[in-house]
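Anchor point for the sequence shown: position 201 equals 449 in our numbering, and the numbering is continuous, going up by one each time. All C-beta atoms, glycine included, are put in the ideal place defined by N, C-alpha and C. The structure appears below as structure tokens.
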Amino acid sequence: MGPGRGGQRLRYRQVRKRNEHHSDKRGDNVRGRGRRAGSARRPVGGRSIQLACAGICRRHPDIFVAGPDGNPHRNFDPTPTATPTATASGATSTATATRTATATPTATPAGKLTINPGSVDFGDKTTVDKASKAKSVTIKNATSKSSKISVSITGETTAAPFAVKKECSKTLAPAKSCEVSVVFTPPDTAEQTGELIINDDASGAPQKIPLSGTGAAPKKK
Numbered sequence: 249m250g251p252g253r254g255g256q257r258l259r260y261r262q263v264r265k266r267n268e269h270h271s272d273k274r275g276d277n278v279r280g281r282g283r284r285a286g287s288a289r290r291p292v293g294g295r296s297i298q299l300a301c302a303g304i305c306r307r308h309p310d311i312f313v314a315g316p317d318g319n320p321h322r323n324f325d326p327t328p329t330a331t332p333t334a335t336a337s338g339a340t341s342t343a344t345a346t347r348t349a350t351a352t353p354t355a356t357p358a359g360k361l362t363i364n365p366g367s368v369d370f371g372d373k374t375t376v377d378k379a380s381k382a383k384s385v386t387i388k389n390a391t392s393k394s395s396k397i398s399v400s401i402t403g404e405t406t407a408a409p410f411a412v413k414k415e416c417s418k419t420l421a422p423a424k425s426c427e428v429s430v431v432f433t434p435p436d437t438a439e440q441t442g443e444l445i446i447n448d449d450a451s452g453a454p455q456k457i458p459l460s461g462t463g464a465a466p467k468k469k
């Protein structure tokens, strides 16, 4: 009985090995035909399966595409979707600056002065290094009384050899006047010239009055 069982096991192993051999050959034939038909391998669960592009590409066009060699390839380049570009649609408003009219201040009318005489000449009789007799200059506010415009005189100036002896520093109402006196002290016998400057707020200020004079040589004793 024992040896009979051993023989059965041996025959079972031989039959099993022969069946596995035939199964491997059939698998090789199937795989060979798949390669000759122009199929590609796709990894699934660790095994390679032959896929014919004629079938797989038609059934799954969104996944597989035919490659240059006729085999199916994964479609890794989906058609890009255009991203809409936002366009700024805002009406550009041009602000127009409206100029506000600025009121121009009304200028206060200036008074008018008259000077008499218009120039002063001391002649040639004044001895060198001696002061001459004073000569007067009359300053008058020539503005009409109805205008009520006064003229403010802040003083008079001159330079050597002329000098102001008496000033007129006051406010002159319309038609009012005042006097300025000037003296001449010649340094030598040469002709001298200068100006009497009247500082005020009248039109044409400051007013300038020409001055002149020539010194006389001292008398011999």
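List the endpoints of the continuous beta strand (DSSP E) containing residue i.
i, result
"S451", "Note, S451: premise wrong, no beta strand (DSSP E); not H, not E."
"E208", "Residue 208 falls outside the range modelled here, since the chain spans only 249 to 469, and no answer is possible."
"I363", "L361 to N364"
"K414", "F410 to K414"
"F312", "F312 to A314"
With distances taken between CB atoms, is the gap from residue i to residue j smaller than 8 Å?
i, j, result
"T406", "L444", "yes"
"S417", "T402", "yes"
"T375", "G452", "no"
Here's a check: name, in chain order, each residue in its chain whose Cβ is nearer than 6 Å to the Cβ of residue i, leaving out the five neighbours to either side.
i, result
"V292", "Here the model assigns V292 a pLDDT of 42, short of 50, so the residue's position is not dependable, and the following value carries that caveat. Result list for V292: empty, nothing under 6 Å."
"K419", "According to the sequence provided, residue 419 is Thr. The question's Lys does not apply to it. Same-chain partners within the cutoff: S398 and S400."
"D369", "S460"
"A379", "V431 and T433"
"K424", "N389"
"G442", "T406, A407, F410 and L459"
"T391", "G359, K360, I397 and P422"
Considering only residues of the same chain and omitting the five flanking positions on each side of residue i, which have a CB-CB separation below 8 Å?
i, result
"A450", "A358, G359, K360, L361, N389 and V399"
"A382", "K413, K414, S429, V430 and V431"
"N364", "V385, T386 and K388"
Keeping to the same chain, check which residues put their C-beta closer than 7 Å to that of residue i; ignore five residues upstream and five downstream.
i, result
"E415", "G403, E404 and V428"
"K468", "none"
"A465", "V376 and T437"
"K373", "A464"
"P409", "F432, T433, P434, P435 and Q440"
"S367", "I457 and P458"
"K393", "P422 and A423"
* Asked: Where are the alpha helix (DSSP H) runs, 4 residues long or more, that stay fully inside the segment 374-404, in chain order?
  -> none
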